[in-house]
Amino acid sequence: MNPLEILAQYWPRLLDGTLMTIKLTLLGALIAALVSPAFALIRVHASPMAQAPLRLYVSFMRGTPILAQLFLIYYGSGQFRPLLQDWGLWTFFRDPFNCALLAFALNSTAYQTEILRGGILGVARGEIEAAKAIGMSRFTALRRVVFPHAYRIAWPALGNEVILLMKASALASVVTVFDVMGRTRQVFSKTFDFSVYLWAALIYLCITAVFVLLWRQAERRLSRHIGARHQAPATVQPLKETRA
Amino acid sequence: MFELFSYGDAGWGDEILRGLAITVQLAIVTLPVGLFLGFLAAAASMSRLLPLRLLGFGYTTVMRGLPEILTLFVVYNGAGLLINAVLQWWAPEAAPTDFSPFAAGVVALGMVFGAFAAEVLRGAFQSLDSGQAEAGRAIGMTERQIFLRIRLPQVWRFALPGLGNLWINMLKDTALVSVIALDDLMRMTKVAVGVTKQPFTFYLLACLIYWAMCVLSELVLGQMERRANRGIRRA
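Sequence order for the protein chains is H and R. When we follow my numbering, the leftmost residue of the first sequence carries the number 1, and every step to the right adds one. When we follow my numbering, the leftmost residue of the second sequence carries the number 1, and every step to the right adds one.
What follows is the structure in C-alpha cells.
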C-alpha cells in the first residue's frame, strides 16, 4: 500500500490517538502545574530538614526512567490489590490511562518544581523588598510580585518540559493506552506497512510545532511590558516576528 | 524476602545483574556513536554551505521532536525491512534475517543522543572566546591548527555539563529497548515479576538500580567538570 492509502484508511484511528496524546499530555502537565508552585516555595523557603523528602522525591523522579516509574505504578499496584480494593482505589489503578496519567503527573511535578524554584530564585531581591516596603502581605507579594516574575523567567523552560512530557506520553502505549504511538503500533501489526510510522512522526512534529508557536505567543504576552520599554522604536515599525 | 534477590537458582540476583550488564554495555557502546553523530551534525549546522546547514538543522530538529520510543521502532522495524529488501535483491535465496535489538538500540539511542549533542557542541563552539582564534591567526597559525590546538581543546570545558545531562538521559532511555525484547535490566525485571508475582518489589528494585547509576554518574561528572575547569579563574 502506498503511504496515502494508509492515511486514507486509518486516519480515524490516528486522529483518535492524537487526541489521546494531547489529553494525556495536557492533563499531566496541568496537574503538575497545580502542585508544583507549593513545592517550589518549600524548596526555596523551608528548612533543609523539611526539604529533605521533597529533594529525595525530585531526585528519584529525575534519576529513574519514566518507563520504570510507569511500570512501578501500573504493574506494581497489582501487588497491593487486596489493600487497594479495600480502600476502593483498585478501579483507579486497573485503568492504564489513570496509571499513565499519575506517572506523568508525578514525574512532571518533580521537573516543574525545580524549574519554578529557579524562577523564584531569579526574582530580583529589590522587588520583594519594595513589595514589603509598601506594606504588601506575604501572600499578596507572592501573588502580585514573586509568581508573575518567576513564571516569566521559567516560561521557556516550562515549555520545554511540556514538550518532553508529550514525548514521554508515547510510553503509555506500552501499557496499552491508545495514543498516537499505540494506534501506530496497532496499525503496523495489522498492515506491516512501515509508512504508518512516518505518519506518526509527522503527527508528533506537528503537535510540537503548534505547541511551540502557542507557547511563544503566551510568552510575548507575559513580557509585553518589557518589550515595550526596551524596543521603543518597534512601536513605530509594523510588529513582525521579534524572536527567531 | 532477601532470598528473592540472592544469586543462583533460588533468587533473581544473577538474572538482574545480567540485565544490568546489558544496560551498561548498551549505554557505553552508544556513547561514542552518539558523540560521533553529534560532531557531524554540529559541523554540518555550522558549515558555510547552505544545504549542509539545512541538513544539520533538519536532523537536530526532527530527532529532538520525536518520542525516543518512536525512533526506536522506526529504526528497529525500518532497518529490518531495509536489510531484508537489500538481501532479497543481493541473494534472493537467502533466508530473511532480523536486525538485532542491541544494534537497533545503539543506532536509535545514538541518533537521539547525536541530535541533542549537536546543539550542545554548537553552543560550546559559539561560546569560545573569538579573540583567541584571532590571536592564533595573528601569529600565523593555519585554520586547521587553530581548530585543533585552540578551539577543540576548549570545547570540552563548555560542552561537558550539557553532554553529562545527555549521558544521564541516555542511560535512562536504555530502558526503552526492553520493549523490543533486548534482555536489559528492565526486561529481566519483567521476567522476574512474571515468575514471582511481586511487581512492586522488583520494579522498585529496578528503579533503585537506575537511580544509583544516575547518582553515580552525577558524582563522576561533577569530578570531571572540576577537573576540566581547574585552570579557570572564578569570576
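Backbone N, C-alpha and C define an ideal beta-carbon position, used for all residues, glycine too. From a predicted model like this one, the values you see are computed outputs, not experimental measurements.
DSSP state of residue i mapped onto helix, strand, coil
i        : result
H:Phe260 : Residue 260 of chain H is absent from the model: chain H starts at 1 and stops at 244.
R:Ala192 : helix
R:Pro32  : helix
R:Leu66  : coil
R:Thr209 : It is worth fixing the name first, because residue 209 of chain R is Ile in this sequence and not Thr. Helix at R:Ile209.
R:Leu49  : coil
H:Gly118 : helix
R:Asn229 : coil
H:Gly135 : coil
H:Trp87  : coil
R:Thr142 : coil
H:Gly126 : helix
R:Pro92  : coil
R:Gly58  : helix
R:Gln198 : coil
H:Trp155 : helix
H:Ala244 : Only weak support is given to the placement of H:Ala244: the predicted model assigns it a pLDDT of 35, under 50, and the value that follows is read from those uncertain coordinates. The answer is coil: DSSP assigns H:Ala244 none of H, G, I, E or B.
R:Asp98  : coil
R:Asp14  : helix
CB contact check: residue i to chain H, cutoff 8 Å
i        : result
R:Thr23  : no
R:Pro161 : no
R:Tyr59  : no
R:Thr30  : no
R:Gln198 : yes
R:Glu68  : yes
R:Gly123 : no
R:Val86  : no
Min CB distance residue i to chain R below 8 Å
i        : result
H:Phe71  : yes
H:Ala244 : The pLDDT assigned to H:Ala244 is 35, lower than 50, so where the model puts this residue is not dependable; a value taken from the coordinates is nonetheless given after this. Output row for H:Ala244: interface = no.
H:Lys167 : yes
H:Pro65  : yes
H:Thr91  : no
H:Val177 : no
H:Met181 : yes
H:Tyr75  : yes
H:Tyr10  : no
H:Phe104 : no
H:Ala201 : yes
H:Ala68  : yes
H:Thr140 : no
H:Ala100 : no
H:Ala38  : no
H:Gln85  : no
H:Phe211 : no
Own chain partners of residue i with C-beta closer than 6 Å, once the 5 adjacent residues on each side are dropped
i        : result
H:Gly122 : Ile153
H:Ala244 : Its pLDDT being 35, under 50, H:Ala244 is placed unreliably by the model, and the measurement read from it follows with that caveat. None.
H:Thr203 : Reading off the sequence shown, one finds Ile at residue 203 of chain H, where the question assumed Thr. If we look at H:Ile203 and ignore the five residues flanking it on each side, its Cβ neighbours are Thr18, Val180.
R:Val75  : Ala104, Val107, Ala108
R:Leu52  : Ala44
R:Ser47  : Arg53
R:Ala118 : Gly38, Ala41, Ala42, Thr60
Limits of the unbroken alpha helix (DSSP H) element including residue i
i        : result
R:Trp237 : Because residue 237 of chain R is not part of the residues shown, which for chain R are 1 to 235, the question remains open.
H:Asp16  : 3 to 45
R:Val112 : 101 to 126
H:Trp90  : 90 to 94
R:Ala181 : Note, R:Ala181: premise wrong, no alpha helix (DSSP H); not H, not E.
R:Leu4   : No alpha helix (DSSP H) holds R:Leu4; DSSP gives it neither H nor E.
H:Leu70  : 66 to 74
H:Arg62  : 48 to 63
Cut-off 8 Å between Cβ atoms - residues of its own chain near residue i, not counting five sequence neighbours on either side
i        : result
H:Gln186 : Arg13, Phe178
R:Leu160 : Leu221, Met224, Glu225, Ala228
R:Ser217 : Gly164, Trp167, Ile168, Leu171
H:Lys240 : Low local confidence applies: a pLDDT of 38 at H:Lys240 is under 50, so the model's placement there is unreliable, and no value is given.
H:Ala50  : Ile42
Cutoff 7 Å; reference residue i; Cβ partners in own chain excluding five residues on either side
i        : result
R:Phe57  : Ser45
H:Gln112 : Ala32, Ala33, Ser36, Leu158, Glu161
R:Ala115 : Ala41, Tyr59, Thr60, Met63, Arg64
H:Pro238 : Legend: pLDDT at H:Pro238 = 37, less than 50; position of this residue unreliable, value from coordinates given subsequently. None.
Closer than 9 Å at the beta carbon, the chain A residues around residue i
i        : result
H:Gly119 : The displayed structure is made up of protein chains H and R, and chain A is not among them.
Handout entry: Complete runs of the alpha helix (DSSP H) confined to the segment 159 to 239 of chain H [at least 4 residues]
Key = 180 to 191, 195 to 222, 224 to 230, all fully within the segment 159 to 239 of chain H.
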